[in-house]
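Peer 1: Numbering (this note's numbering), first residue to last: 90 to 267.
C-beta: ideal position from N, C-alpha, C; glycine also.
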């Protein structure tokens with residue numbers, strides 16, 4: 090049964106609110122995605138503070154008009170297939186990684202990146218794919234700590250080497266006198 094005009098307006102208003110609240114938005118096409126897999130994907134996204142919404146292109150297009158036009162918007166009506174919107178409320182990249190992992194495990198290629206929005210910057214499908222391939226925030230923080238710790242560790246080893254050399258020399262002198 091078709092939705093009434095009031096129901097469509099309510100959906101557009103809810104989309105506008107979610108777009109304003111989200112830290113990142115990813116547009117995907119999904120074709121013939123079974124309900125079981127769709128629910129599994131939704132649960133994974135919820136764990137990463139994300140949300141998966143299947144939405145009609147016309148309603149999404151109306152909701153996107155509420156965003157500031159910092160750059161040229163993509164024409165949502167030209168997207169292939171059915172469109173779903175993934176909202177990222179926490180980590181901006183984690184939902185893209187969840188979608189990317191789902192794509193790797195799906196042989197039929199039913200879920201595809203169409204584009205995205207990150208910090209009022211419109212992203213192409215390729216750019217969203219590149220974001221999904223980035224290391225996680227936790228991994229990047231670990232690398233940063235390791236890089237910051239490396240010079241200190243090197244300095245400690247150099248200083249310890251000098252002390253070891255001095256101790257070995259003193260032991261050799263003491264053993265030669267006895």
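1) Helix, strand or coil, according to DSSP, for residue 201 in the structure here?
2) Where DSSP assigns a beta bridge to residue 143, which residues make up the other side?
3) Report all residues from its chain with a CB closer than 7 Å to the CB of residue 152; omit the five preceding and five following residues, and keep chain order.
4) Sorted by chain position, which residues of the same chain lie with C-beta nearer than 7 Å to residue 185's C-beta, five sequence neighbours on each side aside?
5) What are the uninterrupted segments assigned as alpha helix (DSSP H) that are 4 or more residues long and contained completely in the region 94 to 152, given in chain order?
6) Can you name the start and end residues of the beta strand (DSSP E) that residue 212 belongs to?
7) Would the beta-carbon of residue 204 be found less than 6 Å away from any heavy atom of the ligand COA?
8) Using three-state DSSP, classify residue 229 as helix, strand or coil.
9) Suppose the cutoff is 8 Å on Cβ atoms and the five residues either side in sequence are ignored; what does the same chain contact list for residue 148 look like?
10) Helix, strand or coil for residue 256 per DSSP?
11) How should residue 124 be labelled, buried or exposed, when 16 other C-beta atoms within 10 angstroms of its C-beta is the threshold for buried?
12) Assuming residue 186 is part of the alpha helix (DSSP H), what are its boundary residues?
13) Can you give me the C-alpha to C-alpha distance between residue 208 and residue 155, rounded to a whole angstrom?
14) For a quick check, are the C-beta atoms of residue 143 and residue 113 less than 7 Å apart?
15) Nearest CA to the CA of residue 200: which residue from 92, 91, 130 and 110?
16) Is residue 244 helix, strand or coil when you go by DSSP?
17) Can you tell which of 150, 175 and 177 has its C-alpha closest to the C-alpha of residue 164?
18) Would you kindly work out how many angstroms separate the C-alpha atoms of residue 242 and residue 177, rounded to a whole number?
Peer 2: With the given structure in hand:
1) Looking at residue 201 - three-state DSSP - the assignment turns out to be strand.
2) Paired residue(s): 173.
3) Closer than 7 Å at the Cβ level, and outside the excluded window around residue 152, lie 101, 104, 105 and 108.
4) Cβ neighbours of residue 185 beyond the five flanking positions: 115, 217, 220 and 221.
5) The region 94 to 152 contains these whole alpha helix (DSSP H) runs: 94 to 110 and 124 to 136.
6) For residue 212, the uninterrupted beta strand (DSSP E) segment begins and ends at 210 to 213.
7) Among the components modelled here there is no ligand, and therefore nothing to report on the ligand COA.
8) Per DSSP, reduced to three states, the secondary structure at residue 229 is helical.
9) Excluding residues up to 5 positions away in sequence, 97, 100, 101 and 104 lie with their Cβ nearer than 8 Å to the Cβ of residue 148 in the same chain.
10) Taken through DSSP and simplified to helix, strand or coil, residue 256 comes out as helix.
11) With fewer than 16 other beta carbons inside 10 angstroms of its own, residue 124 counts as exposed.
12) DSSP places residue 186 in the uninterrupted alpha helix (DSSP H) bounded by 183 to 194.
13) Near 15 Å, if we compare the C-alpha coordinates of residue 155 and residue 208.
14) No, these two residues do not count as a Cβ contact at 7 Å.
15) The shortest C-alpha separation from residue 200 is found at 130.
16) DSSP places residue 244 in helix when its eight states are reduced to three.
17) Here the closest residue by C-alpha is 150.
18) Cα to Cα, residue 242 sits roughly 38 Å from residue 177.
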